[in-house]
Amino acid sequence: MSELTTLHDAITRIISERMPRVLHVEQFPELDAQVNTPALLYGITDMTLGTDRGEGKTALIGRFQSCILVDADRPKASLQAAILAAQMTTVLKDQWWGVDFVTGPPEQVHAQPEAPTQELEQFVMWSVQWIQPFEVGEFTWPWPDEPPGSLVFNIEPGDEPVAPEELS
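Each position in the sequence shown, counted from 1, maps to that position plus 27 in my numbering.
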């Protein structure tokens, strides 16, 4: 299992334990999926190199973003979403997620209300963002290898897809 998978699983577990009012916690949510609310959806959104400790692993700093969704028709929905965002910031305080490859607590924690997109206009939304340092070693690919020819490109509209090996 990769460190990113392990880290996201640990984050999901701890948020679920520490925020029992949130009915649905999900990493990298599928588009158009139904969720029970209040919900907290999150994932890593970018990475940059961190400070290498010289132990043979690669130091990274990951930026995470979470989105808190509360049904807009709930009483005081805006206040409920703000309270959950505040609770999420307290979960993040000094949080190492119980994994040995996290090298520091969250930093630059920031929470703010968000204007929902048209697809999410039935919700009041807050986002909570943070950066977290961690290390990765050898990556393992958790999905089966794809057979040759399964990757194709569509170069021009109306043309047939082309396999990379045919582009020489």
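Every residue gets a Cβ at the ideal spot worked out from N, C-alpha and C, and that includes glycine.
The segment 146-155 makes contact with the segment 100-114, as at least three CB pairs between them are under 8 Å. The closest CA to that of Gln107, considering only Ala66, Glu183, Ser29, Gly70, is found on Ala66.
Proximity to Asp79 across Gly131, Val118, Ile41 peaks at Gly131, based on C-alpha coordinates. Around Gly83, the same chain offers Gly164 as residues with beta carbons nearer than 8 Å, after the five sequence neighbours per side are excluded.
For Asp98, the uninterrupted beta strand (DSSP E) run begins and ends at 85-98, by DSSP. By the Cβ neighbour-count rule, Ala190 is exposed, with fewer than 16 other Cβ atoms within 10 Å of its own.
In this model, Ile41 and Asp127 are separated by some 15 Å (Cα to Cα).
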